[in-house]
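One structure below.
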Amino acid sequence: MLLRFSKTMAWGLLFASTACWVGCAPAPAPAPSPSADSGEDDHDHGEEGHDHGDHEHGDHDHDHGEDGHADHDHADDHKDGEAGEKPDMKATAADTPAEKPEAAKPAAEKPAAEKTEAEKPEMKAPEAAKPEAAKPEAEKPKAEKPEAAKPKAEKPEAEKPAEANAADKPEMKAPAAEKPAEKPAEKPAEEKKEEKADAAKADAPKAGDKEMAKADPKPADAKPEEKKAEGAVAGDWPMWGGDPTRNMVNKTTGVSTEFEPALEAADGKLLKFTQRLGSQTYGNPVVANGKVFVGTNNGGEYRPQFEGDKGCVLCFDAESGEFLWQLTRDKLPQGRVNDWPEQGICSTPCIEGDRMYVVTNRCEVMCVDVNGFYDDENNGPYTEEVDTDKKGADIIWSLDMIEEYGVFPHNLATSSPVLLGDLLFVVTSNGVDEAHLEIPSPRSPSFMCLNKNTGEVVWDSNEPFDGILHGQWGSPAIGEVNGAAQIYMPGGDGWLYAFEPKSGEIIWKFDLNPKDSKWELGGRGTRNNIISTPVFIDNSVILAVGQDPEHGEGVGHIYRVDATKTGDVSHVKPDGSPNENSAQIWHHGGVDEDGSLTGRKGELLFRRTISTVAVHDGLVYAPDLSGFLHCLDFKTGERYWEYDAFAAIWGSPMVVDGKVYLGDEDGDLVILNASKEETPEDEIITKLFDSSIYSTPTVANGKMYVSDRSRLYCFEIAK
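Residue 241 in UniProt numbering sits at position 241 of the sequence shown, with consecutive numbering throughout.
In structure tokens:
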């Protein structure tokens, strides 16, 4: 397995195995994490191909340079350290055990002293998310990408279900949730960077630029309205993926690509405002009821009474950028094994009406009043906030998953919640210990269903039990199949699970790894877990596998799965024989053994990813961590083209008005044509931001919100 270098960075020593979906990364320059010789491992996952033993794992440190990007030297070696140096970590994490009337009370804050065709099913669920991701690390090494050969179309497998036209999205009634080897020849790195520099120069906006009116608050279960002006302007984007299906396709038209970022609004173009965030930001912006919400750390220093490293959600006015209030959570005392330094809150909030649902860095599920204390009310049942100033957060209820259920989050809790009626769903991030050898709490839940009004647990599941490979940093999605809702959980064992939402029973499950794949510590193996978020469309789910970005590059796989079947619907049985009940529609990935598809023997067809796909107009846009964006046929899985960003990709694509928007670790936001034809080089648009983009652009009410590592930008792109 080889790592690639970016044009401005070389691989360096990365910190310990952490990853977040949707995108969380490690702190800038955390203390070296001990590596462990697993020796004789007593974990054997048998037919699943899991193997925690006989491999050595090393943790890594990150160093972020002055320009906000990490300087990395390539190293397959891992940091030395003795297992004995690790602090004694316990599974409990709350400072104060939460009492549980209707809902657990949070640890008190301590002051310092697509839908294809762009049509989304009618889902009423809110949610945000993803990281999609994945546990972020302090700036990821930017890999310089090997020149991607233009592959010939991979032969797709015969489709199983009757294909619906990508444009015909099912009407979803149920969900009430809010929208929520050897190194190939290296390509010169300098060429693109110079071009990007030009994109950084911006023209000052005209004094008479017309401001857009604030978006009218939408009912909790309403889909964004389309407003007519010069183009159709879609409304709020209240959760990760826009709605519970998680397909990041926005219906806004008449979008201008003439915007330019800058540190000050007056120096940019179409730049309405910019605001500082924390020093590390992996949460995705969501917009609802005239407000924008972003998960980050405390580096923005909006609340001087809260000093030092903490997890935060910041709330701003979506029109002016004015700071409104901040949710502040202390770090867990166990340290990085459960709550990695400087990562902040990586969950993307889910907004429904006047309620915000989010998973904090302390592994708490929280319900917060979106109006803060501006309404002069302390809404309960939780009424013991330390910070009741107007710029503090009004917590409604909180469930501490560590204190109440024994969950052991590995490095980070990152799930972006999703809603279906009165039910709220989260992945708990339950994972392995710091040595990566044991699962401290295999019987604790990996997936939970809560009552959104009270925080009480309706049901939970400990799948995949002792099959967890590392951490569980993905987020759930919702689909409706033949009139019945299904909840999709990306499991920490590399399986995709479909649950019945009210009972918690498993409807079907699918293994996203070949049966002969093996898990090895430090990313050396071929079996992967799942950090990205499932996307539901046309009675099917599309999902890809990956690993903690700290593990580097490796073979990846992406599948489209028929959601109408039941039972074990994997491509083959545990013994490797054909599965007559298989729900696999197509698969893309693995290795081009003879070079017939890529022109190079042994070339990877698809690599590990923490990104979530976008599906539009019969095409699937799927990024991988190595910096390639793949365009695949929705029906067959045939590959049309591959774009090389020459930098690691942590975020996910957003499709809007015939364009694909995608950020990378170099701080570039690239804009490509949403087409099966590869975008000509002279039509590729690149916008250079101040630092790495680990999130996904959000489009709402005629504006585009982009968060780089430490700033939030708002561009007025449509009227």
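Yeah, the Cβ is synthetic: ideal placement off N, Cα and C, and Gly gets one too.
In whole angstroms, give me the CA-to-CA distance for residue i and residue j.
i: D682; j: R524; result: 39 Å
i: D592; j: N378; result: 60 Å
i: A435; j: E520; result: 13 Å
i: residue 765; j: G392; result: Here the chain has residues from 1 to 719 only, and residue 765 is not among them.
i: S611; j: T383; result: 38 Å
i: D394; j: N247; result: 31 Å
i: L271; j: S582; result: 50 Å
i: T274; j: G268; result: 10 Å
i: A532; j: T388; result: Reading off the sequence shown, one finds Ser at residue 532, where the question assumed Ala. Their Cα atoms are separated by approximately 36 Å.
i: E385; j: M448; result: 25 Å
i: P381; j: D633; result: 49 Å
i: W495; j: I506; result: 12 Å
i: T564; j: L512; result: 17 Å
i: T281; j: S710; result: 6 Å
i: T698; j: R336; result: 30 Å
i: T328; j: G595; result: 52 Å
i: I671; j: D708; result: 16 Å
i: P549; j: I717; result: 32 Å
i: V561; j: P304; result: 49 Å
i: K719; j: K251; result: 13 Å
i: Y302; j: G308; result: 12 Å
i: V370; j: D575; result: 51 Å
i: K703; j: F715; result: 5 Å
i: A622; j: C631; result: 7 Å
i: H571; j: G589; result: 14 Å
i: E319; j: F293; result: 13 Å
i: N601; j: G554; result: First, the residue type needs correcting, since residue 601 is Lys and not Asn in the sequence shown. Going from the Cα of K601 to the Cα of G554 covers about 16 Å.
i: F465; j: R443; result: 6 Å
i: N289; j: G651; result: 25 Å
i: K515; j: V427; result: 25 Å
i: D460; j: F425; result: 10 Å
i: S691; j: T566; result: 45 Å
For the beta strand (DSSP E) that residue i lies in, which residues bound it at each end?
i: M654; result: 654 to 656
i: L450; result: 447 to 451
i: D633; result: 628 to 633
i: S540; result: 540 to 544
i: L271; result: 271 to 276
i: Y559; result: 557 to 562
i: V286; result: 286 to 288
Secondary structure at residue i, three-state DSSP: helix, strand or coil?
i: L263; result: coil
i: Y713; result: strand
i: N297; result: strand
i: V620; result: strand
i: R303; result: coil
i: P578; result: strand
i: E550; result: helix
i: G589; result: strand
i: G567; result: strand
i: M704; result: strand
i: T698; result: strand
i: M356; result: strand
i: T454; result: coil
i: I530; result: coil
i: I537; result: strand
i: W240; result: coil
i: V572; result: strand
i: N247; result: coil
i: A718; result: coil
i: F316; result: strand
i: N601; result: Here residue 601 is Lys; the residue named in the question, Asn, does not match the sequence. Note: K601 maps to coil in three-state DSSP.
i: R608; result: coil
8 Å is my cut-off, CB to CB: does residue i come that close to chain C?
i: D664; result: The structure shown contains no chain C; it holds only a single protein chain.
Contiguous beta strand (DSSP E) assignments of at least 3 residues, all confined to the segment 358 to 443: 364 to 369, 394 to 400, 418 to 420, 423 to 427
So, does the segment 646 to 657 touch the segment 616 to 627, judging by three or more C-beta pairs under 8 Å? yes
Could you check whether the segment 468 to 487 touches the segment 420 to 432, counting it as contact only if at least three pairs of C-beta atoms, one from each stretch, sit closer than 8 Å? yes
Sequence ranges, beta strand (DSSP E) only - wholly within the segment 638 to 685, length at least 3: 639 to 644, 654 to 656, 659 to 663, 668 to 673
Would you list, in sequence order, the uninterrupted beta strand (DSSP E) runs of no fewer than 3 residues that lie entirely inside the segment 460 to 523? 477 to 481, 484 to 490, 495 to 499, 506 to 511
So within the segment 318 to 351, which uninterrupted beta strand (DSSP E) runs reach at least 3 residues, ignoring any that extend past its ends? 323 to 329
With three or more beta-carbon pairs closer than 8 Å as the criterion, would you say the segment 412 to 430 touches the segment 344 to 362? yes
Three Cβ pairs or more, each shorter than 8 Å: is that satisfied between the segment 479 to 494 and the segment 354 to 363? no
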